[in-house]
Structure formats: C-alpha cells, structure tokens
Amino acid sequence: MIAKMAQISGLVTVVVERRGIEEKILGGALWLPPGVGMNPSLFTLVRISPWQALWNWGRDAFKRILADYMPTTEKMLNEVFAARGVKRLDSWHLLVIAIDPRYEGNGYCSLLIEDGFRRASGMPVHVEATTPRSRDIYAHYGFELNNVHRFGMGWVDEMGKRATRPNAAGWPDFIMTKWETPVILYQNMDT
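Counting in numbering that gives the first Met the number 0, the sequence shown runs from 0 upward without gaps.
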C-alpha cells in the first residue's frame with residue numbers, strides 16, 4: 000500500500016544488479032517530494048487499492064494507521080518545521096528505504112540516500128525511523144532526532160505485534176530531519 004502511494008504521489012528509486020539479461024532489485028527507496036503530505040486524499044486511497052492491506056491488517060489496524068499514526072506524525076512534523084520557520088511541505092520525505100539483507104554493507108543504502116539528497120538540492124529531508132537501528136543509520140547520514148512518539152501503547156510491543164502489559168510499550172516513531180542537503184546547480188540524469 001505504501002509503495003503504491005509513493006508511486007502515485009512520489010518517487011521510487013531502486014538499486015538493480017544486472018547479470019546478462021537478468022536483473023535483480025537489491026534495494027529501493029520511496030520518496031515524497033515537496034508539497035506531498037502523509038494524509039492521502041480519498042481519491043489517492045482508492046487508487047492505491049488498500050483492500051489487500053485492509054484484509055490482512057483488519058479494519059481496526061487500518062483505522063489506527065489512517066486516524067492515529069498519519070495525522071499525529073504530520074502534526075509533529077509541522078511543529079518541528081514551524082519551530083525553525085520552515086513549512087513542512089517545503090521538504091522531501093524519505094518514506095521508506097530497504098536493502099535486501101543479503102546485500103547490506105555494500106553501500107547501496109548510501110547510494111539511495113545520496114541520490115535523494117541530490118534531488119532535494121538544498122531542501123530539508125525528513126524520515127520516521129521505527130527501530131533504534133534505523134534511527135542510528137539515519138543519524139549516520141546527518142539526520143537529527145526531532146521527536147519520539149510511541150504508537151499503540153497498551154496494545155502492541157516495540158515491533159508492532161499485539162501484546163499485553165507490561166510488554167505493550169508501543170512501537171517507536173523517531174522523527175528525524177536532515178536540515179541541509181547539498182545544493183546541486185546542474186544535474187545530468189543521463190550519467
């Protein structure tokens with residue numbers, strides 16, 4: 000569902016390995032450009048066909064994502080950006096990045112993030128990390144921790160799986176921003 004939303008509203012970049020005529024995707028990133036928020040319109044929701052996710056996650060989980068997670072995160076981002084005198088929608092959003100675990104440590108994450116920084120060309124980039132490991136990876140690339148929120152407190156654990164107290168601490172959402180990205184005056188996309 001997230002990938003479909005990014006395809007409709009954003010940009011998908013991938014790292015591909017080519018061997019002869021065969022290609023294998025090793026990793027990818029989903030980016031939302033300036034002007035696009037995390038509050039999809041009804042039209043976008045229909046276009047992304049959320050029915051499979053709704054079936055798999057259940058109505059309540061789907062409702063929590065749309066009614067709790069997205070609006071709360073968007074509100075926090077707006078507050079963080081307003082404190083700096085910047086409009087949140089004047090930034091790029093790294094929605095998700097993933098590398099096939101068999102290919103981690105080969106610089107593919109760096110390749111995808113640096114490509115996004117070039118596209119941002121001086122504009123802020125923000126991301127929500129959902130694990131301490133991903134938070135540390137983003138910090139390595141210069142993202143600053145702005146805020147932390149826990150979703151699902153009382154009903155899920157740190158991995159987002161249903162749990163009971165005392166394990167139902169909720170899963171973390173580390174809101175992070177890289178405020179300055181390199182300014183690219185000219186970019187030839189053919190090279």
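Backbone N, C-alpha and C fix where the C-beta goes; we use that ideal spot for every residue, glycine too. Remember, it's a predicted structure, so these values are computed and weren't measured experimentally.
Along the length of the stretch 107 to 169, whole alpha helix (DSSP H) runs at least 4 residues long occupy 107 to 119, 131 to 139, reported in chain order. Collapsing the DSSP output to three states places V79 in a helix.
Just so you know, the alpha carbons of K86 and N77 end up roughly 7 Å apart.
Residue burial annotation: K177 is buried, with at least 16 other C-beta atoms found within 10 angstroms of its C-beta. Boundaries of the beta strand (DSSP E) around E16: 10 to 18. For the pair of segments examined, the stretch 87 to 96 was found to touch the stretch 21 to 36: the number of CB pairs separated by less than 8 Å reaches three. Counted as a single uninterrupted DSSP element, the beta strand (DSSP E) harbouring V95 occupies residues 91 to 98.
Put simply, of R161, H148, E113 the residue whose alpha carbon is nearest the alpha carbon of H139 is E113. T180 places its beta carbon less than 9 Å from that of G121. Shown here, T176 sits in a strand according to DSSP, grouped into three states.
In this structure, M75 and N146 form a Cβ contact; the two beta carbons are roughly 5 Å apart against a cut-off of 8 Å.
In this structure, A128 sits near M175, with a CB-CB distance shorter than 9 Å.
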